[in-house]
Every structure is written in C-alpha cells, then in structure tokens.
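**Q** Got a structure here, written out as structure tokens. Questions coming.
Here is the structure:
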C-alpha cells in the first residue's frame, strides 16, 4: 500500500519544530481579559458570606463572579456522548466547595497583576465542614459530599446514591462462581492499589473566548472533545448550542485530561457577562491539584485454577476513589473488570463487583488506560502469583488461559474477538528479552540481581454502540481535497493518519489534501479523541467518506464523457464499466479517460456541475481489543531496594498499522508513562486534604536518564471491522509496566509490592519483613 | 521598568514589571515559541540562550538581561529545521509543546560537546521533560543530528 503502514511524517511536523504560534495561548488576542480563580483552602466548606466589593475596586478589574452569578443548573464536565454516564453534580461556581482547590470565585482583569491583587481582596467567610479523605470509609459517612436534591444521573442502573456518597455500585456475574471456587485446587488472591496518577501533559489546560460579530460565543480551547464542550457549555451557561462555536488549535498533549472540560466554563462566562474576550491559562500547580487525575482504585482479586494451571474462575472487586465530582466515575470502574477479566477468557465463571465513592479530594476523570490499567495491574499481578504457586512459567500459564481469536468474551459485553496475534506478541517478546535464559533472575554481584517479569494487556477500540464519527472529503475546484474530521489531533497525529486513509482510498497523493482542524461550525460530528477511538471509528468514517467521494467522481467523469447517456440525475453509473485511478476516470471498455482536474473544474464552475463532497459515518457494534505483551528486565540492589530498568520490550497487536512512526511513538511513550506509574509517580495529600505533590519538584515523571531502553515491535492481525484492518494503539500501551515491573521485583527479591508506585522503600521494607519471617 | 534586550540580534526596548521573568517578556515580544510548562524550573520547555548559553527563561528576571543577547527558536530557524527534520522523521515531535525548549538545548549541546555518547546526551538533556515520546524517538533523532556533520 502507498500510505497505509508507512512512516508518513506528520503533516504539521515542520511548523511544530520551528516553533510557529500554533497553540491556544499563542493565538489568543492581546486584549483578552485574564481570568483567575480563587480556590478553596478547605477540603469541604460552605461559603457563609463572600464580599467582592473591594476586589471590584482594583484598577483593571472587569468583573468578579461568585456562585450567586451563575445559572443554578447542574451539569457534568465529563466529555462523554449524551446521555452522559456521569452525574450532573457540578455548577460553574457553587456555595459549597468540595476539595482543596475547588473554585470559589472568578476574577477577570485587563492584566494579570490586577487579577492577582483582586483575588486577595475577596473576603470569604467559610463554614468549615468535616471532609471525607479516606475512600475506604466514604460510604454512609456522616459527611455527605453532594448533599442536595437536584443531583441527576441519566442511567439508573449505575445505582448512584449521592446521599450515601456512592457514584456507582453493582455486580456482574457469569457462570457458577461459588461452585468453581469450591472446586478450585489452587486459589491465588490479593489486594492491590493503584494511585491517582497525574496526566502531566506538557501544555496545561487553557481556553480563550470572545463574542463574534453575530454575538456568538467563540471558544478556542486545548480540548480533546470540542463537540462535548459545546453541549456542556450550553447547559452550564443556559444558552443554546447554536450560539456557541468551539475551535481546537494544536494541542500540547492530553492523555485523557482534556476529555474533561476544565478551563472552558470560566472565560466563557466572563465573556458572556462582560462582552469582552477572556482567557484562562492554568498554572502547573492548578493542573496538578485543581483538575483531574487517574482514579485511585483498590482491587481485590481471587483466581481459582486446577493444578495443571487451567484458570476456572476470576473474581474482581473494585473500589474507586472518585474524588469530589463524578466525572468518568461509572465508566472507568467498569473497565477495571471488563478489560481485565476477558484476558483469561477460558475461565468458566467470573464475578465483577464495583463501587465508586465520593471523597473530598481532587476529582478523578479520564487518563489513558481508563480503569483497565488499574484492573490489569491487580489481575496480572495475581496471575503472576498463581504461576509461582503452580511452579509454572508465567508464559505457559498465559498460553493455556488467554483469550483466543474467534471466541466470545462473556466479560466483554459478549463481543467476539475477531482478530488476535497475542500468541505471537508473547513469543516475540520472549525472544527479544531473552526470557528463557533470564527467567526468573540472575545474581550479577553479591548485592545486585537482575530479574525479568511480564504481563499481557488488552484495551478496546472506541466504545461499542456509543461512539460515532462523521467525516467529509470535498473535491475543490483545482482537484485537491479538503478532509474534514471532528476527531482531535492532540499530538497523536490523527490529522496525518486520517489523511493517509483518505489518500490510500482515493489513490491520491497525500499532499493533495488539506486537513481542516476541528471547528464545531464546520467539522462533522465526532465525540472527540478518547477511548482509543480515532483510528478505528473515525478512520472508518474517513474510509467511507473516501469511498463515497470516489463513486461521485466516477459518476461525474462518466457523465462528462457521455452527457446524453446520463441525463437523469437518478441514472446510476455502473462502477464496473468506469474506473478511477486517482488522476483520471477511465472507461474500461474504450480506454477513454477524463482527468480529475477537468472533473473538478467542470463540477465547480459550470451550470451542469455538481458539488462533490464525500460523506462517511461509522459506529461499531464491537470494540475490537488491541493486545500486547510487555516484558521488563530490572537490576535491583538488595542492600537498598533501589532498582533500575535495564530493558523494556513491548510487542503490540494493533491490527494493521496505519502509520508506523505514530504507533511506535505512541507505544514507547505509553510504556514510559506506565513506568512512571509503576515506579515514580506518587500523589500525596496532607491530613487536611491538601495535595502536596503539586509541582514537578514533588511529583516526579520519568526523565530520559531514568528510561534508557524501551524496545517495541508489532505483530499484525487483521481486524475485519476496522479501516484496512486497524485496531487502536493509544491506551493499551500504558498497561503492562505496572504488573511486569512488580513481577520482576518479586523475581529479584521475593517481595510482591501490591501498591503502586513500587518505591525502593517498599521493596526494602518487604525484604526486611521477609527476613524477619524467615527468622521466626 | 525599561530594559534593553537584544532579542535574536535585534535591540528591543522592553517595558516590564520589575519582577517580570524573561519568559513572559519574550512571549510579549512575539517569541511565541517559548513555552511555559511548569514555573518551577523542572521541565525545560522555556529554554532559550542567554549570550549563547542555554538558560531557563522562567527563572531569569528580565531586569538581569539588560543589554544582553537572548536567542529563541525564532532566531535559529535554520538549526531548528536541521535538527527538526530528524525529529519529524522519527515522529518524535508528537504534541510538540516541549520541542522548542528541547531544540534550543540540543543545538547548544552540539556546539558544546564533541562526539557525545548516549549517556552524555541523556545527562545534558535530563532537564528537558517530555510526556509523549518516552524519549526514544527523540534520542534516535538527536543521534542522527549529532552524527551528521561528524561524518561529513
């Protein structure tokens, strides 16, 4: 193929590396009012009184807004398709503040100094309330985080109960779980905890807004979900969606953080109140402590098997810390089971219990992996433990039990696995890391040991039956194309990969295409880029649009050749008799041709022309899982518990690769982010609920000295429902480091760390504990 | 206060607050390539050259730069392209938000270090954080760029 599977350079690559002004804050007009938020110093409080009169007197201040100035209509800031799976539990500003950092008031001034000064002049009297800071004690706590009656959830089956601090509560069961456990010869179990990892995209949250000449609200924002922003803003501000236009420029990373609508409401309401342009740029501190993170989860697992290593039953019980507001709570917890249990699809029974709870901590929302990361850390750690109990190679245990192509997956909405190269991924990774020579460990000095560990993983490709995407390709009057998508390139390169699909299908050169960035006035509807949906869902929409346009070009060409034959608009051109090779339409029988350029000129500029616009749509009844095997080799110092990664190998089956550069970058980057989750990134709160890790000083993400060697390879399968056989890549890649590194640490020193991150302290403490137990 | 700064070779009169940092002054002067990533000197995004040496512009008071030479990516477009083409070739620019700071530091490194090893490169660039690439693609691109003229 000319473009599919090729390392096509990103179309916006050169302007990006030359530092052109492409990002939200580079484009904001100078006259924007600066919007800053006054934030709660308390984890839970009611605003008894708030006096803004002195703040209003500061020179340059345009407006100061409090909860009294905003519509009292609750909404969710989760960027999800309507009806959202998240509770309507937010107001733009509320009388109650529910975590340290929650917005108390907004100041807009014509310079930052004035805005900062005005913040200090707002006098607030708080009634300080007792916060819930331990998510294991949140249910039926005397403190109710959302204690009011206009709490609303679209979907009753999630069993949300705000008066009990419950976001979601349920149990799913398949087969006879109790019987299978009773008959199991070996049961491995454990309790695992994954921390509230921060996304840490390099560009913080930011938005600017203004009113256009038609008095419409224009919102330029660094977002993954422009159409959801439009809908949510309309509700929060109580104006019609038709009065809002959302534009997405280049984005400096998202990783899920920008699937939640964070910075958009505040400048928008300022612009509506003042009529003036406004912008809000979150500081890094605000991005750490006043936005959203991964859900902290505690997951109990039991796996029952026979002595031969056949897994018969899996039980997974997840408790999820939602924090102060409910965005993405019901869905992330779902993935902790739905995208872990099917890995061992040979099990005859499973039970998945889940409960998400409100606390007075920063809200959790979407982050690459979206609950699957947490569930897989727990289940993969338990399966590795089972391998040791059975004295069996963990690769063999997986080969016996893992999901296989053609199977129905009961824990995955009974969807079929249409494509899988997982067996080859494991085999390739085994060879690359040198598993057979290195497993489980090798002493390399009296104090240092090298050990290996591994894990497998799955994710999805879009949300089955929910995600939709539209795409349009128009033929311009000079024979070039404009591709319109609503999916949001956030550095992920989808503007390029979507163009590759279009160019491949239309047999065109890639430089014949212009990609229109997302503008909700112009772009076809697309929920946005999340849930590993873009390549698979939007990619199919683009493919369909390209096929549609190709047919229209053929028809137009045939009509130009034989105007008398196709007088009637409804006359169909037989596609077998005419052919489009990318440059011209040809009649097969005569060899007669007409050039694309001539067709384009004719269609645009003559009275019997036509507007050639291909449209495509896609929604899938399935969400085909990409699959992956991750292998790690570590070197551990037994005197200190410190360990380093010597080598990380990831082998992925993402179906057909669309852009080999992009998938490699996604995979290496995702593994690195997973290593951060596994080893370094540690969110800490003090006793009063203040986040202490609110800068890169306190919150360490991997740097290039920490992560020296990541090697990735791909094993292809063909997904029949995806564009050219493609599945997703974006999220799966973060999942394997947690369990693989935990297993390598166990193989190195006999300590199974069950809570992330795996710090030297935890390892050393575990070694000392083992030592003490040995002495007993 | 009034400060005179040579920005990319051009002498500019800059009116700024006494506590203004070089980062905001440069952005206000139109050098939008200079990005703020952290405010705490940890991320490397705001790297520019002060008298030819890389500094973090978020922690340099503008007042200290009076009559001195500041170079941003806007001022070294040829070098940006010379290294950038390798970054783009590897798909290692990704979101691109950290690219200007990285490129400023890589170009400075190439002038400073002769035949750097991978470890020397990693240590020189340790302060340039990136959340997209996992650093591998960047390292491949840097290796190609550093080796380029050595071969020539």
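Residue numbers (our numbering), protein chains in the order written: chain A, 1 to 776; chain B, 1001 to 1152. Where is the CB? At the ideal position from N, CA and C, for every residue including glycine. Please read these numbers as outputs of a predicted model, since none were measured by experiment.
Measure the CB-CB distance between residue 196 of chain A and residue 291 of chain A and report whether it falls below 7 Å.
**A** Going by C-beta atoms, residue 196 of chain A is not nearer than 7 Å to residue 291 of chain A.
**Q** Quick one: complete beta strand (DSSP E) runs, 3+ long, within the stretch 330-396 of chain A?
**A** Qualifying beta strand (DSSP E) stretches, in chain order: 349-358.
**Q** Give the interface partners of residue 1139 of chain B over in chain A, defined as CB-CB distance under 8 Å, in chain order.
**A** Simply 704.
**Q** Can the beta-carbon of residue 349 of chain A be found less than 7 Å from the beta-carbon of residue 171 of chain A?
**A** For residue 349 of chain A and residue 171 of chain A, no; Cβs fall outside 7 Å.
**Q** May I ask you to list, following chain order, the residues of the stretch 1119-1148 of chain B that have a beta carbon less than 9 Å from some beta carbon of chain A?
**A** Correct list: 1119, 1121, 1122, 1123, 1125, 1126, 1127, 1128, 1129, 1130, 1131, 1132, 1133, 1134, 1135, 1136, 1137, 1138, 1139.
**Q** Any chance the stretch 764-775 of chain A sits against the stretch 660-671 of chain A, with 3 or more Cβ pairs inside 8 Å?
**A** No: the two stretches stay apart, fewer than three of their Cβ pairs being nearer than 8 Å.
**Q** List the residues of chain A that residue 1018 of chain B touches, going by C-beta distances under 9 Å, in chain order.
**A** By Cβ distance, chain A contributes nothing, its closest Cβ being about 11 Å from residue 1018 of chain B, past 9 Å.
**Q** Assuming the contact rule is C-beta atoms closer than 8 Å, residue 253 of chain A and residue 1093 of chain B should be a hit. Round their C-beta distance to whole Å, please.
**A** The pair is not a contact, with the Cβ atoms about 12 Å apart (cut-off 8 Å).
**Q** Does the separation of the CB atoms of residue 1046 of chain B and residue 1073 of chain B fall below 7 Å?
**A** Cβ atoms of residue 1046 of chain B and residue 1073 of chain B: not closer than 7 Å.
**Q** Check whether the stretch 1007-1023 of chain B and the stretch 1070-1089 of chain B are in contact - that is, three or more C-beta pairs closer than 8 Å.
**A** Yes: at least three Cβ pairs fall under 8 Å.
**Q** Identify every run of the alpha helix (DSSP H) within the stretch 216-301 of chain A, keeping only runs that are complete inside it and at least 4 residues long; order them along the chain.
**A** Listed in chain order, they are 226-237, 265-274, 284-289.
**Q** Taking 6 Å as the limit between beta carbons, can you name the residues of its chain near residue 498 of chain A, skipping five residues before and five after?
**A** Counting only Cβ-Cβ distances below 6 Å, and skipping sequence neighbours, we find 485, 542.
**Q** Taking C-beta to C-beta, are residue 1037 of chain B and residue 662 of chain A nearer than 7 Å?
**A** No, the Cβ-Cβ distance between residue 1037 of chain B and residue 662 of chain A is not below 7 Å.
**Q** Determine, for residue 18 of chain A, whether the minimum Cβ-Cβ distance to residues of chain B falls below 7 Å.
**A** Answer yes: the Cβ-Cβ gap between residue 18 of chain A and chain B drops below 7 Å somewhere.
**Q** Does DSSP put residue 484 of chain A in a helix, a strand or coil?
**A** Residue state, collapsed to three classes: strand.
**Q** According to DSSP, is residue 1136 of chain B helix, strand or coil?
**A** DSSP places residue 1136 of chain B in helix when its eight states are reduced to three.
**Q** Can you look up residue 583 of chain A in the DSSP assignment and give me helix, strand or coil?
**A** Of the three classes helix, strand and coil, the one that applies to residue 583 of chain A here is coil, per DSSP.
**Q** Give the interface partners of residue 425 of chain A over in chain B, defined as CB-CB distance under 8 Å, in chain order.
**A** Ordered by position in chain B, no residue passes the 8 Å Cβ test against residue 425 of chain A, which lies about 19 Å from the chain.
**Q** For residue 1103 of chain B, go through chain A and note every residue whose CB falls closer than 8 Å to its CB, in chain order.
**A** Those are 17, 19, listed as they occur along chain A.
**Q** From residue 1043 of chain B to residue 265 of chain A, what does the alpha carbon distance come to, in whole angstroms?
**A** Going from the Cα of residue 1043 of chain B to the Cα of residue 265 of chain A covers about 28 Å.
**Q** With DSSP run on the structure shown, which of helix, strand or coil describes residue 6 of chain A?
**A** Strand at residue 6 of chain A.
**Q** So, at 8 Å on beta carbons, what are the nonlocal neighbours of residue 189 of chain A in its own chain, with the 5 sequence-adjacent residues on each side left out?
**A** Closer than 8 Å at Cβ, skipping near neighbours: 300, 301, 302, 303, 382.
**Q** Please report whether the beta-carbon of residue 1112 of chain B lies at a distance below 7 Å from any beta-carbon of chain A.
**A** It does not; no Cβ of chain A falls within 7 Å.
**Q** Would a check of beta-carbon distances place residue 279 of chain A closer than 7 Å to chain B?
**A** No, no contact with chain B.
**Q** In chain A, which residues lie less than 8 Å from residue 1081 of chain B when you measure between Cβ atoms?
**A** Simply 14, 17, 18.
**Q** In this structure, does DSSP put residue 13 of chain A in helix, strand or coil?
**A** Helix, per DSSP.
**Q** Taking 7 Å as the CB-CB limit, is residue 1093 of chain B close to chain A?
**A** Cβ-Cβ to chain A under 7 Å: yes for residue 1093 of chain B.
**Q** Could you say which of B/1056, B/1048, B/1144 lies nearest to residue 1031 of chain B if we only look at CA atoms?
**A** The candidate whose alpha carbon is nearest that of residue 1031 of chain B is B/1048.
**Q** What residues in the stretch 1022-1042 of chain B bring their beta carbon closer than 7 Å to a beta carbon of chain A?
**A** Answer in chain order: 1032, 1033, 1037, 1038, 1039, 1040, 1042.
**Q** How is the beta strand (DSSP E) around residue 1099 of chain B delimited, first residue to last?
**A** Taken as a continuous stretch (DSSP letters only), residue 1099 of chain B belongs to no beta strand (DSSP E), being part of the alpha helix (DSSP H) at 1099-1112.
**Q** Would residue 1006 of chain B pass as an interface residue toward chain A - the criterion being a Cβ-Cβ separation below 7 Å?
**A** Closer than 7 Å: no.
**Q** Verify the contact flag: residue 632 of chain A, CB atom, against every heavy atom of the ligand MN, threshold strictly below 6 Å.
**A** For the ligand MN, the structure offers nothing, since it holds no ligand at all.
**Q** Listing by chain order, which chain B residues have their CB less than 8 Å from the CB of residue 769 of chain A?
**A** None at all; the shortest Cβ gap to chain B is about 34 Å.
**Q** Using 8 Å as the cut-off, can you tell me whether the stretch 714-728 of chain A makes contact with the stretch 409-420 of chain A, which would need three or more C-beta pairs spanning the two stretches below that distance?
**A** As far as the Cβ criterion goes, the stretch 714-728 of chain A touches the stretch 409-420 of chain A, which means the pair count is three or higher.
**Q** Verify whether the separation of the beta carbon atoms of residue 529 of chain A and residue 462 of chain A is less than 7 Å.
**A** No, the pair does not count as a contact, with Cβ atoms beyond the cut-off.
**Q** Taking 7 Å as the threshold (C-beta atoms), are residue 68 of chain A and residue 127 of chain A in contact?
**A** No; because the gap between Cβ atoms is not below 7 Å, this pair is not in contact.
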